[in-house]
Amino acid sequence: MIKQSLLAALLLCAATPALAADETPAVDPARLKADVEKLVSFGTRHTLSSATDPKRGIGAARNWGAAEFERISKACGGCLTVSRISDRFEGPRAPAGVIVENVLAIQKGTGDPAHVVIIAGHIDSRVTDPMNFTADAPGANDDGSGTALVIEAARLLSKRNHRATIVYALLSGEEQGLWGGKLLARHAQSEGWQVAALLNNDIVGGTHGTDGTIVDNRVRVFSEGIRASEDLAAQLARRGIGGEDDGPSRALARAALRAATRNPAIGLEVLAVRRPDRFRRGGDHLPSLELGYPAIRFTVGVEDYDHQHQDLRTEGGRQYGDTVDEMDFPYLARVTALNVALARELADAPPAPASVAIDGAVSSDTSISWTPVRDAASYRLYWRRADRSDWTDSRTVPGDSTQFLLKGVQIDDHFFGVAAVSAEGAESIVAFGGLPPQK
Ligand SMILES: [Zn+2]
Numbered sequence: 015m016i017k018q019s020l021l022a023a024l025l026l027c028a029a030t031p032a033l034a035a036d037e038t039p040a041v042d043p044a045r046l047k048a049d050v051e052k053l054v055s056f057g058t059r060h061t062l063s064s065a066t067d068p069k070r071g072i073g074a075a076r077n078w079g080a081a082e083f084e085r086i087s088k089a090c091g092g093c094l095t096v097s098r099i100s101d102r103f104e105g106p107r108a109p110a111g112v113i114v115e116n117v118l119a120i121q122k123g124t125g126d127p128a129h130v131v132i133i134a135g136h137i138d139s140r141v142t143d144p145m146n147f148t149a150d151a152p153g154a155n156d157d158g159s160g161t162a163l164v165i166e167a168a169r170l171l172s173k174r175n176h177r178a179t180i181v182y183a184l185l186s187g188e189e190q191g192l193w194g195g196k197l198l199a200r201h202a203q204s205e206g207w208q209v210a211a212l213l214n215n216d217i218v219g220g221t222h223g224t225d226g227t228i229v230d231n232r233v234r235v236f237s238e239g240i241r242a243s244e245d246l247a248a249q250l251a252r253r254g255i256g257g258e259d260d261g262p263s264r265a266l267a268r269a270a271l272r273a274a275t276r277n278p279a280i281g282l283e284v285l286a287v288r289r290p291d292r293f294r295r296g297g298d299h300l301p302s303l304e305l306g307y308p309a310i311r312f313t314v315g316v317e318d319y320d321h322q323h324q325d326l327r328t329e330g331g332r333q334y335g336d337t338v339d340e341m342d343f344p345y346l347a348r349v350t351a352l353n354v355a356l357a358r359e360l361a362d363a364p365p366a367p368a369s370v371a372i373d374g375a376v377s378s379d380t381s382i383s384w385t386p387v388r389d390a391a392s393y394r395l396y397w398r399r400a401d402r403s404d405w406t407d408s409r410t411v412p413g414d415s416t417q418f419l420l421k422g423v424q425i426d427d428h429f430f431g432v433a434a435v436s437a438e439g440a441e442s443i444v445a446f447g448g449l450p451p452q453k
């Protein structure tokens with residue numbers, strides 16, 4: 015009896031790191047609501063609104079966001095570096111030009127600081143006319159929800175160190191031309207960040223559709239397959255091996271699916287939509303895709319067009335406008351928890367192998383080899399039948415191996431990939447097998 019309980023205690027000890035990694039993030043819906051209400055209190059956060067008024071406009075909202083990050087940093091012993099990046103942009107929705115400023119909080123990685131996971135939302139808002147920068151534009155769901163999510167993620171993830179750097183980003187200028195997203199992507203490039211993931215959260219706090227449909231247990235995750243960043247030769251190489259469904263952004267979407275499955279207590283299903291964004295619409299992850307970074311967009315399971323990009327008004331007994339009362343904060347808390355679980359795993363994992371080669375033409379077996387990853391305690395090899403969209407089979411091999419022969423798995427009928435795994439079991443995204451390394 016004593017022996018059994020000792021064994022149980024030992025097993026429990028051995029399981030602790032894995033349990034900690036899978037622990038459901040303790041997101042507080044009330045705190046999210048308070049943050050969205052605060053954002054709405056700035057009247058408008060339109061990109062062309064005042065950058066200097068202390069109470070109304072995007073400048074005041076950005077200052078508040080930066081102050082929140084500073085407060086969080088204080089609580090973790092100065093673990094966040096809060097900074098602002100800015101540039102001038104001009105376009106049809108800002109003909110006279112405007113200074114676009116993003117607020118960043120950077121939690122430097124303790125293992126591999128150049129390896130970066132980004133969580134982003136946009137702080138700017140709009141009404142019906144995208145040029146109207148004076149009317150009240152509460153932008154509660156679009157994108158007060160994403161902004162509050164990013165701040166809450168910083169609160170939760172800064173409670174401990176991570177191997178990789180985590181960047182919490184509040185972007186401006188989304189509604190005028192995805193300028194904050196462009197600015198962030200360029201900054202990542204000039205800083206030499208090895209971006210493992212950009213999680214863009216835009217409209218993540220509502221559960222009521224325009225037609226009355228309610229979706230409170232599902233979040234949509236949009237990802238590209240064919241890469242915007244690949245040249246024609248690389249796209250033809252991808253076509254040649256059937257890799258259209260396996261760009262790094264799609265691999266990141268599968269990691270989001272996996273995070274939802276591994277954390278059932280969050281209570282969210284991922285609808286992994288196989289297109290870069292909603293039909294003919296865009297978001298701040300697109301400029302990152304153009305530079306080759308794995309990036310996905312989280313958005314609600316169902317949209318309410320009466321409460322999105324609308325002037326505040328009542329028409330024919332119908333209320334319009336993006337207001338707090340139309341939101342669902344327990345749902346926003348679930349989407350936040352999923353972001354935190356996914357970011358935590360990717361920031362604790364080593365990067366994915368730079369390239370994975372497969373061989374086995376005219377053979378019954380498939381050989382997989384990969385470039386070694388520093389700090390990988392093991393690798394997980396994945397494969398699936400070539401008519402499936404998600405990985406169905408896997409096996410773990412030791413961290414000192416760089417190849418493996420999968421006996422009896424025919425190369426023609428399967429797709430393959432490899433993830434790098436940390437000693438605690440955190441997994442990178444899966445690098446797809448068969449493509450030459452990216453230039
Ligand atoms: Zn938006």
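Letter by letter, the sequence shown follows residues 15 to 453 of our numbering.
Even for Gly, the Cβ is constructed at its ideal location relative to N, Cα and C.
Values in this document were obtained by computation on a predicted structure and should not be read as measured data.
Test item: CB-CB of residue i and residue j under 8 angstroms
i           : j           : result
residue 260 : residue 418 : no
residue 353 : residue 133 : yes
residue 233 : residue 293 : no
residue 59  : residue 151 : yes
Delimiting residues of the beta strand (DSSP E) encompassing residue i
i           : result
residue 428 : 428-435
residue 407 : 407-412
residue 100 : 94-105
residue 419 : 417-420
residue 127 : 126-136
residue 398 : 392-399
Cβ-heavy atom distance, residue i to ligand 1, below 7 angstroms
i           : result
residue 188 : yes
residue 157 : yes
residue 136 : yes
Delimiting residues of the alpha helix (DSSP H) encompassing residue i
i           : result
residue 334 : Note, residue 334: premise wrong, no alpha helix (DSSP H); beta strand (DSSP E) at 332-334.
residue 347 : 343-362
residue 115 : Not the alpha helix (DSSP H): residue 115 falls in the beta strand (DSSP E), residues 108-121.
residue 45  : 43-54
Coarse secondary structure for residue i, derived from DSSP in three states
i           : result
residue 249 : helix
residue 227 : coil
residue 82  : helix
residue 87  : helix
residue 279 : helix
residue 307 : coil
residue 190 : helix
residue 450 : coil
residue 232 : strand
residue 439 : coil
residue 370 : strand
residue 140 : coil
residue 155 : helix
Inter-residue Cα distance where the pair is residue i and residue j
i           : j           : result
residue 332 : residue 288 : 34 angstroms
residue 37  : residue 211 : 21 angstroms
residue 440 : residue 432 : 14 angstroms
residue 176 : residue 110 : 43 angstroms
residue 185 : residue 255 : 37 angstroms
residue 26  : residue 435 : Residue placement at residue 26 cannot be trusted, given a pLDDT of 39 that sits under 50; what the coordinates show is reported in the next sentence. Cα to Cα, the separation comes out at about 21 angstroms.
residue 198 : residue 424 : 42 angstroms
residue 24  : residue 391 : Below a pLDDT of 50, predicted positions are generally treated as unreliable, and residue 24, at 41, falls in that range; the measurement from the model is reported next regardless. The alpha-carbon atoms of residue 24 and residue 391 are separated by roughly 22 angstroms.
residue 41  : residue 230 : 16 angstroms
residue 159 : residue 207 : 26 angstroms
residue 113 : residue 415 : 50 angstroms
residue 135 : residue 89  : 23 angstroms
residue 406 : residue 262 : 18 angstroms
residue 193 : residue 74  : 19 angstroms
Ligand 3 heavy atom lying under 7 angstroms from the CB of residue i
i           : result
residue 216 : Here the bound small molecules are ligand 1; ligand 3 is not part of this structure.
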